[in-house]
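Visitor:
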Amino acid sequence: MNVENVKPTIGSIVHIERPALFSDETAQRCLELLEERQVLVFPRINLSDSEQLAFTDKLGARVNFTNRVPGGDKASKDVYTITLDPKINTEPEYVLGTYFWHMDGITVPIPPPKASVLSARRVAAKGGQTEFASTYAAYQALPAEEKAELEGLRVMHSVTAAVREVATPESLDPYRRELRQEQPLVWTRKSGRKSLIIGYTADYVVNMPKADGRALLARLLEWTAQPAFTYRHYWQEGDLVVWDNCGALHRVIPYAADSGRTMHRTSVAGIEAVA
Ligand SMILES: [Fe+2]
6 MNVENVKPTI GSIVHIERPA LFSDETAQRC LELLEERQVL VFPRINLSDS EQLAFTDKLG
66 ARVNFTNRVP GGDKASKDVY TITLDPKINT EPEYVLGTYF WHMDGITVPI PPPKASVLSA
126 RRVAAKGGQT EFASTYAAYQ ALPAEEKAEL EGLRVMHSVT AAVREVATPE SLDPYRRELR
186 QEQPLVWTRK SGRKSLIIGY TADYVVNMPK ADGRALLARL LEWTAQPAFT YRHYWQEGDL
246 VVWDNCGALH RVIPYAADSG RTMHRTSVAG IEAVA
């Protein structure tokens, strides 16, 4: 396994022969690298759905997707198809909402997915790159006084906030319209390491005037999205990217609904509750 770092704070390109991807040793090394680098890219490794699931299972417990959600793939259980093709996805606002920085699974009261695994089946001619921002690196680089000010603050996250740029609350289905979850602004891991929980799901800071809290959230997001802490992946068909969903934000650069862009996502269940 040959690892090439992209930026000092984030991103590694991993070169590995396909059969070696499924060994215990590789899984262990990938989990360590995810902690350190947040984003791992396996260029043009061309996994099938069953291979992607096998690799996902090596990293931890698999998140189950039902076939009832748009994009829940009937052919491959637990593989989620991300597309704006109206024939497959009848709820485009949730994909359009991913044009904006977010973490997955932060609006529900269970540990957020530990890692997401995404493979490119068809790429868009224009747009469709995925960007990642390290919330570990962003927190780490804050001045000490600012870190002290953030300690103890809590933030309300919701689906309505996440899709506010592309949908009204009325256009969401009643279940998701109600999804909201309070989270600490700073997540301190059992290991002692700290990161920020921010992004477009963040609606307001609890017990702070709305304007002040939203201004704080906007400043922290701008800080986190600076080039030093971010990596943009230009997809090629067959690329596989794994990222640490708990230590990085992600978003996609807009692409056309008829671009054919098709991604297959699998997820590794969270193992540490937010504390
Ligand atoms: Fe996402």
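Heads up, the sequence shown is in our numbering, so the first residue is 6 and it goes up one at a time.
No residue lacks a Cβ here, since even glycine has one placed at the ideal position from N, Cα and C.
All values derive from a computational prediction rather than experimental measurement.
Please name the residue, chosen from S200, V191, Q231 and D62, that lies closest to V273 on a Cα-to-Cα basis.
Guide: As a first step, residue 273 must be located in the sequence shown, where it is residue number 268. Per the Cα distances, D62.
Visitor: My output table needs one value for Y99: the three-state DSSP class, helix, strand or coil.
Guide: The residue given as residue 99 occupies position 94 in the sequence shown. Y99: helix per DSSP, three-state reduction.
Visitor: Relative to ligand 1, is the shortest distance from any of its heavy atoms to the C-beta of T88 smaller than 8 angstroms?
Guide: Sequence index remark: in the sequence shown, residue 88 carries index 83 (1-based). It does not: the Cβ of T88 is nowhere closer than 8 angstroms to a heavy atom of ligand 1.
Visitor: If we ignore side chains and look at the alpha-carbon of each, how far apart do L15 and D178 end up?
Guide: Position 10 of the sequence shown, counting from 1, holds the residue named residue 15. Position 173 of the sequence shown, counting from 1, holds the residue named residue 178. According to the sequence provided, residue 15 is Ile. The question's Leu does not apply to it. Taking the straight line joining both Cα atoms gives about 36 angstroms.
Visitor: Going by the C-beta, is T103 closer than 8 angstroms to any heavy atom of ligand 1?
Guide: The count along the sequence shown starts at 1 and reaches residue 103 at position 98. The answer is yes for T103.
Visitor: What are the partner residues of R127, as DSSP defines its beta bridges?
Guide: For the purposes of this step, residue 127 is identified with residue 122 of the sequence shown, where counting begins at 1. T267.
Visitor: By alpha-carbon positions, which one of S121, K199 and E183 ends up nearest to G157?
Guide: Here the question's residue 157 lines up with position 152 in the sequence shown. With distances taken between Cα atoms, G157 lies closest to K199.
Visitor: How do the region 243-261 and the region 112-122 stand: do at least 3 beta-carbon pairs fall below 8 angstroms, yes or no?
Guide: The answer is yes - the region 112-122 touches the region 243-261, with three or more Cβ pairs under 8 angstroms.
Visitor: Is the beta carbon of F234 less than 9 angstroms from the beta carbon of A149?
Guide: The count along the sequence shown starts at 1 and reaches residue 234 at position 229. The count along the sequence shown starts at 1 and reaches residue 149 at position 144. Not a contact, by the Cβ cut-off of 9 angstroms.
Visitor: Does the Cβ of H269 have 16 or more other Cβ atoms within 10 Å, making it buried, or fewer, making it exposed?
Guide: On the sequence shown, residue 269 is found 264 positions in, with the first residue counted as 1. Per the 10 Å Cβ criterion, buried.
Visitor: Are the CB atoms of T229 and A138 within a distance shorter than 9 angstroms?
Guide: Within the sequence shown, the letter at position 133 stands for residue 138. Within the sequence shown, the letter at position 224 stands for residue 229. A contact, by the Cβ cut-off of 9 angstroms.
Visitor: Considering only the beta carbon of each residue, do G161 and N250 sit closer than 9 angstroms?
Guide: In the sequence shown, the residue the question calls residue 161 occupies position 156. In the sequence shown, the residue the question calls residue 250 occupies position 245. Checking the sequence shown, residue 161 turns out to be Met, not Gly. Result no, Cβ atoms of M161 and N250 do not sit closer than 9 angstroms.
Visitor: Give the secondary structure of A207 by DSSP, where H, G and I count as helix, E and B as strand, and everything else as coil.
Guide: What you label residue 207 is simply residue 202 of the sequence shown in a count that begins at 1. The answer is strand: DSSP assigns A207 an E or B state.
Visitor: In the DSSP output, which residue or residues are listed as bridge partners for W192?
Guide: Sequence index remark: in the sequence shown, residue 192 carries index 187 (1-based). Per DSSP, S200.
Visitor: Beta carbon of R266, beta carbon of R181: below 9 angstroms?
Guide: Locating residue 266 in the sequence shown gives position 261, where the first residue counts as 1. Locating residue 181 in the sequence shown gives position 176, where the first residue counts as 1. Not a contact, by the Cβ cut-off of 9 angstroms.
Visitor: Report the partner residues of I87 according to the DSSP bridge assignment.
Guide: If you number the sequence shown from 1, residue 87 lands on position 82. Answer is M268.
Visitor: Any heavy atom of ligand 1 closer than 8 angstroms to the beta-carbon of S121?
Guide: The residue labelled residue 121 in the question sits at position 116 within the sequence shown. Yes, ligand 1 has a heavy atom inside 8 angstroms of this Cβ.
Visitor: Can you find at least 3 beta carbon pairs, one from the region 201-216 and one from the region 164-175, that sit closer than 8 angstroms?
Guide: Yes: at least three Cβ pairs fall under 8 angstroms.
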